[in-house]
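J.: Per numbering that gives the first Met the number 0, the very first residue in the sequence shown carries number 0; after that it's consecutive.
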Amino acid sequence: MLASHGRYGYSPIGKRPVYRWPNGAGLAVYFAVGVEEYVFGEGFTEDLFPSASKPDLVNASWRDYGNRVGVFRLFDRFGDAGIAPALLLNTAIYDHAPDIAVAARAIGSEFVAHGLSNSHSLATMTRAEETAYLRTVYDRIAREEGTPPKGWSSPWLAHSSATLDLLAAQGFSYVADFRLDDQPVRLKTESSTLLAMPYGLELNDSTTIIGRQTSARDFAAMIIDEFDEMLEASRTQPLVMSVVTHSFISGQPFRLRALRLALDHILSHREDIWLVRPGDIASWLLDRPELIV
């Protein structure tokens, strides 16, 4: 046998329990909005113009647009549609742009821990450093929101060999980093249950629009095609679809206009789906452990 990470075993989707989501739908859909803060001049960055001179005010201003303008436009569109998105939150936002948390609460967002800053990476930390880091982020959201976060999404989707064990030990219910399946999957950890919530690695404006230079219209078409195919498949299987956006990418007006095409298409099938937050999916399944892959 080849070497494996050992975090989950093989399970073909056709040989699993068949059930429906709470409202009778076969397809659960959630939207996520990444809201990030960066350390100026240090660490990792998301750059639109990689060859910018240093100090890099150009890319910093592009990222800042998301927290000054883009996120509020996204929230307006989601709020008007009655969509409560998952907020993938760098907790430094509480200090640098506190109005974002206020607006997120107003539309019923779920606060998902996304590190302190997106200039950080768990992969560079020792186990002790990572334990303290996770606890700091977890405690900050619990203090600000009155309830601890259920979910974690790693900055840069980066991990150490201990990350999943430490997330479970800290009390997280799920991690939204992986697309190994169309259903939540139980991960093997040193302690409690941790679910891998299906996460749109390609239905993600960072990896696809910035990383692959895909147009906003093509990205919208990808979302529509994914939705139509999964809605058809969900007639016989319970599935989860996710769409991941970022305030400084999809919050740009020309991309937001294209994203709205996909939103309108999905909402035209609202009665056929469970439009939900990932934490609600996790809670429902954890109450029914016999259904978890």
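Backbone N, C-alpha and C define an ideal beta-carbon position, used for all residues, glycine too.
1. What distance in whole Å lies between the Cβ atoms of residue 37 and residue 118, which are believed to be in contact at a cut-off of 8 Å?
2. Out of curiosity, what's the CA-to-CA distance linking residue 114 and residue 200?
3. Name the one or two DSSP bridge partners that residue 52 has.
4. Look up residue 284 in the DSSP assignment and say whether it is helix, strand or coil.
5. If you measure between the beta carbons of residue 132 and residue 277, is that distance less than 8 Å?
6. Using alpha carbons as the reference points, say which of 116, 184, 41 lies closest to residue 239.
7. Per the contact definition of three or more C-beta pairs closer than 8 Å, is the segment 231-249 in contact with the segment 191-211?
8. Write down the C-beta distance between residue 157 and residue 85 rounded to the nearest angstrom, noting that I regard them as a contact closer than 8 Å.
9. Give the secondary structure of residue 62 by DSSP, where H, G and I count as helix, E and B as strand, and everything else as coil.
10. Evaluate the contact criterion for the segment 14-29 versus the segment 263-274: three or more CB pairs, one atom per stretch, below 8 Å.
11. Mapping the DSSP letters down to three states, classify residue 185 as helix, strand or coil.
12. Between the beta-carbon of residue 92 and the beta-carbon of residue 136, is there less than 8 Å?
13. Give, in chain order, every unbroken run of the beta strand (DSSP E) that is at least 3 residues long and sits entirely within the segment 74-150.
14. Pull up the DSSP beta-bridge partners for residue 240, would you.
15. Do residue 219 and residue 261 have their beta-carbon atoms positioned less than 8 Å apart in this structure?
16. Determine, using beta carbons only, whether residue 130 and residue 165 come nearer to each other than 8 Å.
17. How would you call residue 211, buried or exposed, if buried means at least 16 neighbouring beta carbons within 10 angstroms?
18. Give the secondary structure of residue 33 by DSSP, where H, G and I count as helix, E and B as strand, and everything else as coil.
19. Between residue 269 and the rest of its own chain, which residues show a CB-CB distance below 8 Å, the 5 nearest in sequence each way excluded?
20. Once DSSP output is grouped into helix, strand and coil, what is the label at residue 179?
21. Can you tell me whether residue 77 is buried or exposed? The criterion is at least 16 other CB atoms within 10 Å of its CB, across all chains shown.
22. Quick check on the burial criterion: 16 or more other C-beta atoms within 10 angstroms. Buried or exposed for residue 101?
T.: Working from what's here:
1. Position 119 of the sequence shown, counting from 1, holds the residue named residue 118. Position 38 of the sequence shown, counting from 1, holds the residue named residue 37. In this structure residue 118 is in contact with residue 37, their Cβ atoms being roughly 5 Å apart against a cut-off of 8 Å.
2. Sequence index remark: in the sequence shown, residue 114 carries index 115 (1-based). Sequence index remark: in the sequence shown, residue 200 carries index 201 (1-based). Going from the Cα of residue 114 to the Cα of residue 200 covers about 18 Å.
3. By one-based count along the sequence shown, residue 52 stands at place 53. Answer is none; residue 52 lacks a bridge partner.
4. What you label residue 284 is simply residue 285 of the sequence shown in a count that begins at 1. In the structure shown, residue 284 sits in a helix (DSSP, three-state: H, G or I).
5. Counting from one through the sequence shown, the residue named residue 132 turns up at place 133. Counting from one through the sequence shown, the residue named residue 277 turns up at place 278. Cβ atoms of residue 132 and residue 277: not closer than 8 Å.
6. Sequence index remark: in the sequence shown, residue 239 carries index 240 (1-based). By alpha-carbon distance to residue 239, the top candidate from 116, 184, 41 is 184.
7. In short, these stretches touch, since the Cβ pair count reaches three.
8. For the purposes of this step, residue 157 is taken as residue 158 along the sequence shown, with counting starting at 1. For the purposes of this step, residue 85 is taken as residue 86 along the sequence shown, with counting starting at 1. With a beta-carbon spacing of about 19 Å, residue 157 and residue 85 fall beyond the 8 Å limit used to define contacts.
9. Within the sequence shown, the letter at position 63 stands for residue 62. In the structure shown, residue 62 sits in a helix (DSSP, three-state: H, G or I).
10. By the C-beta criterion, the segment 14-29 is judged to be in contact with the segment 263-274, since at least 3 inter-stretch pairs fall below 8 Å.
11. The sequence position of residue 185 within the sequence shown is 186, counting from 1. Three-state DSSP puts residue 185 in a strand.
12. Taking the sequence shown and counting its residues from 1, one reaches residue 92 at position 93. Taking the sequence shown and counting its residues from 1, one reaches residue 136 at position 137. Residue 136 sits away from residue 92, with the two beta carbons spaced by 8 Å or more.
13. The beta strand (DSSP E) runs lying completely inside the segment 74-150 and spanning 3 residues or more are 85-88, 109-112, given in chain order.
14. The count along the sequence shown starts at 1 and reaches residue 240 at position 241. In the DSSP output, where bridge partners are listed per residue, residue 240 has 28.
15. Locating residue 261 in the sequence shown gives position 262, where the first residue counts as 1. Locating residue 219 in the sequence shown gives position 220, where the first residue counts as 1. Remark: C-beta atoms of residue 261 and residue 219 approach each other more closely than 8 Å.
16. As a working note, residue 130 is residue 131 in the sequence shown. As a working note, residue 165 is residue 166 in the sequence shown. The answer is yes: Cβ separation under 8 Å.
17. Here residue 211 is taken as the residue at index 212 of the sequence shown, counted from 1. Under this definition residue 211 is an exposed residue.
18. If you number the sequence shown from 1, residue 33 lands on position 34. Correct three-state label for residue 33: strand.
19. Locating residue 269 in the sequence shown gives position 270, where the first residue counts as 1. Scanning its chain for C-beta atoms nearer than 8 Å, with the 5 sequence neighbours on each side dropped, one finds no residue around residue 269.
20. Counted from its first residue, the sequence shown places residue 179 at position 180. Coil, per DSSP.
21. Against the sequence shown, residue 77 aligns to sequence position 78. Under this definition residue 77 is a buried residue.
22. Locating residue 101 in the sequence shown gives position 102, where the first residue counts as 1. Taking all protein chains shown into account, residue 101 has fewer than 16 neighbouring C-beta atoms within 10 Å of its C-beta and is therefore exposed.
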